[in-house]
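As numbered in my numbering, the sequence shown has no gaps in its residue numbers, which increase by one up to the final residue, 506.
Even glycine gets a Cβ: it sits at the ideal position worked out from N, Cα and C.
Notes for the one structure printed next.
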Amino acid sequence: MKIAAGFSALLLAAVLPALAQIIVPPPGLIFFRPPQLELNDTNAAPMQVQEMSVAASVRGLFATVDTTLVFKNPNPRLLEGDLVFPLPDGAAVCGYALDINGALVDGVVVKKEKARVAFEAETRRRVDPGIVEHVKGNLYRTRIYPLPANGTRTIRLSYTTPLALAPNGDAALLLPLPRETLGKLAVKIEVAADNLPPPELGGLGDRRFEQAENFWRVESVATNTTPAEDVWVALPKLPDQLQAVEKAPDGSVWFAISALAPVLTTDKPFAPAAKYRILWDASGSRAAADLQKEFDLLAALPMKPAFELIVFRDVPEAPRGFATADELLAALKEVPCDGGSDFAALAAALPDDGVPALLFTDGLDTLSGKPVEFTGAKPIAIVSQMVADREGLRQACAGALIDLQTTGTPAALEQIINPPPRVTGVKGTGIAQVQGLGRPAAGRVTLLGRLDAAEAAVRIEYGGGTVSEPFTLKVADAREGKTLATAWAAACMVSVEACTA
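Put into structure tokens, the structure is as follows:
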């Protein structure tokens, strides 16, 4: 019994036309029929979201989101179930709580093997373990037991996420809402002012941000409401450079600096390759995916290059050649998606012959159990699905990942044909533990780190010797909070065991 699906990480510019495609309630959560309910039990009523509250805090280009959901079991029997939810790209769970005897009790985030052992041990004692399991990529799961007959359970999920960024540096936060009637819906959003005009707001009727101290705030409470659209927050046009400093509860000071990437210039015109190697993931995790954006990207490659296609699942198929994109697309649309995927087998079969490779995949390796690793030339990963292991692909492809959920075809082509420079370092003193180095500098570049001096002047360094204008970071300017510390912790986790900050 699936009651929801769909967490979108689309940018505001691409979000609004896509809202109708988001199937909720509640956002990004999937609730499965528990095994003890017979599939032909026509008297079983679906689970209901009785109440929902969303509290979001935006600091710089990062946000922490707390979502509290009250589920009602309208059936005259005790139930248990799985709640599965994907998070936005770069997000990580940093808090989870489940009501026990009327009070919310904090749980933990653990790897799936540890979660399974703990769950089985605790449920044998008829105790709810309150565990969030990191499944793969951006997918998490929690098991809820018990759901009392004709009763309710309350869950609070907290995560930290970078805002979605457009190629021109604009930033937006999307908060999907259910498309079902809620007894109560409460939304509260807080955005650090940082001397900027109020953000744009959608999805809350005529509500608008109001300034309170150094923040823009908006609150809304509705009863017996059926949301017709999602809530979105678009930051105002940002300056080329942006910075934030925050003091965490433990006294440590964290910073985020952001700058528009330099425009790569050269006297020689760039041109697409004469041939591309297409690595096409045809595993079962892509069977229900809408791959039209991937087809559109291939069709848009200029100068009509030739193609070599390698379809892979558990093992890669023999390469096939195609003279035109039309021939390639016709073949791809006939490829069935089934079975598991083994990226180790794919990497071992790839020749290192200088032919540029485009890897169309969700990055979910279901067979080898190893991180994706290409020892020779790195392909460019192309992702269009909501559920995907983007961070694993970035690690495997030296940061070269194009997310078609947030990048349109023209910008994606530019990154393929004219690869952007990389962030090579940070020039300055008084800072430590900087996250975000080594990645391509496309659109807006954001770095996180710890401030170890009362004041620091730093510049972002790019490949080719280009540097940004200086940032001046001061402990005296730090606001109280933990958004940046938590975002830093999320950025340094490739395999999530816990998120504490």
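Open item on the list: Between THR329 and chain B, is the shortest Cβ-Cβ distance under 8 Å, so that the two count as touching?
Closed with: This model lacks chain B altogether, as it is built from one protein chain only.
Task: Through-space distance from PRO79 to ARG158, alpha-carbon basis - done: 12 Å
Open item on the list: Going by DSSP in three states, VAL316 sits in which element: helix, strand or coil?
Closed with: Secondary structure at VAL316: strand, using DSSP grouped into helix, strand and coil.
TODO: Identify every residue that forms a DSSP beta bridge with TRP285.
DONE: Per the DSSP secondary-structure output, TRP285 pairs in a beta bridge with VAL316 and PHE365.
Task: 8 Å Cβ shell around ASN45 - same chain, five flanking residues per side excluded - done: With a pLDDT of 45 at ASN45, under the threshold of 50, the modelled position of that residue is not reliable, and no figure is offered here.
Open item on the list: Is GLU138 near the ligand GDP - that is, is its Cβ less than 7 Å away from at least one heavy atom of it?
Closed with: Looking at this structure, you won't find the ligand GDP or any other ligand, since it has none at all.
Task: Residue ranges of each beta strand (DSSP E) within the segment 449-502, 3 or longer - done: 449-456, 460-467 and 476-479
Task: Contact set for LEU209: own chain, Cβ-Cβ below 8 Å, skip 5 residues either direction - done: VAL192, VAL223, SER225 and VAL236
TODO: Look at the alpha carbon of PRO321 and the alpha carbon of ASN219, and state the distance between them as a whole number of angstroms.
DONE: 55 Å
Open item on the list: Check this for me: beta carbons of ALA287 and VAL268, under 8 Å apart or not?
Closed with: no
Open item on the list: How far does the alpha helix (DSSP H) with ASP408 in it extend, from its first residue to its last?
Closed with: Where ASP408 is concerned, there is no enclosing alpha helix (DSSP H), although the beta strand (DSSP E) it sits in stretches over 406-408.
Task: Rounded straight-line distance, which links the Cα of LEU74 to that of ALA68 - done: 19 Å
Task: Residue range of the unbroken beta strand (DSSP E) whose run includes LYS375 - done: Looking at the DSSP string, LYS375 is not in any beta strand (DSSP E), and its letter there is neither H nor E.
TODO: Kindly give me the distance between the Cβ atoms of ASP367 and GLY345, rounded to whole angstroms, as I take these residues to be in contact under 8 Å.
DONE: Contact flag wrong, Cβ pair sits at about 12 Å.
Open item on the list: Please list the terminal residues of the continuous alpha helix (DSSP H) segment that includes PHE300.
Closed with: 297-305
- [ ] Just the C-alpha distance for GLU85 and ILE149, rounded to the nearest angstrom, thanks.
- [x] 6 Å
Task: DSSP three-state assignment for LEU179, whether helix, strand or coil - done: strand
Task: ARG395 - DSSP class collapsed to helix/strand/coil - done: Residue state, collapsed to three classes: helix.
Open item on the list: For GLN53, tell me which candidate among GLU138, LEU243 and ASN155 has the shortest Cα-Cα distance.
Closed with: ASN155
TODO: Name the two residues that bound the continuous beta strand (DSSP E) containing ALA249.
DONE: 246-252
Task: the segment 353-361 touching the segment 295-309, judged by at least three CB pairs closer than 8 Å - done: By the criterion of at least three beta-carbon pairs nearer than 8 Å, the segment 353-361 is not in contact with the segment 295-309.
Task: Close Cβ partners of LEU144 (< 6 Å) along its chain, the five nearest in sequence each way excluded - done: PRO91 and VAL392
Task: Helix, strand or coil at ASP331 [DSSP, three-state] - done: helix
Task: N-terminal and C-terminal residue of the beta strand (DSSP E) that PHE76 is part of - done: 67-77
Task: Nearest-angstrom beta carbon gap, VAL428 and VAL450 [assumed within contact, 8 Å] - done: 6 Å
- [ ] Go ahead and pull the three-state DSSP assignment for ALA261.
- [x] strand
- [ ] Determine the extent of the beta strand (DSSP E) in which PRO167 is found, giving its start and end residues.
- [x] 157-167
- [ ] Could you please give me the residues that DSSP links to THR230 through a beta bridge?
- [x] LEU187
Open item on the list: Do ASP408 and LYS141 count as a contact pair if the criterion is CB distance below 8 Å?
Closed with: The answer is no: Cβ separation not under 8 Å.
Task: Own chain partners of GLY65 with C-beta closer than 6 Å, once the 5 adjacent residues on each side are dropped - done: ALA249 and ALA261
TODO: For the alpha helix (DSSP H) holding GLN420, just list the boundary residues, first then last.
DONE: 414-422
TODO: List the endpoints of the continuous beta strand (DSSP E) containing ALA217.
DONE: 215-217
- [ ] Run the CB neighbour count on ASP295, radius 10 Å, all protein chains shown included, and call it buried at 16 or more, exposed below.
- [x] exposed
Open item on the list: Do GLU460 and LEU507 have their beta-carbon atoms positioned less than 8 Å apart in this structure?
Closed with: With the chain running from 6 to 506 in the structure shown, residue 507 is simply not present.
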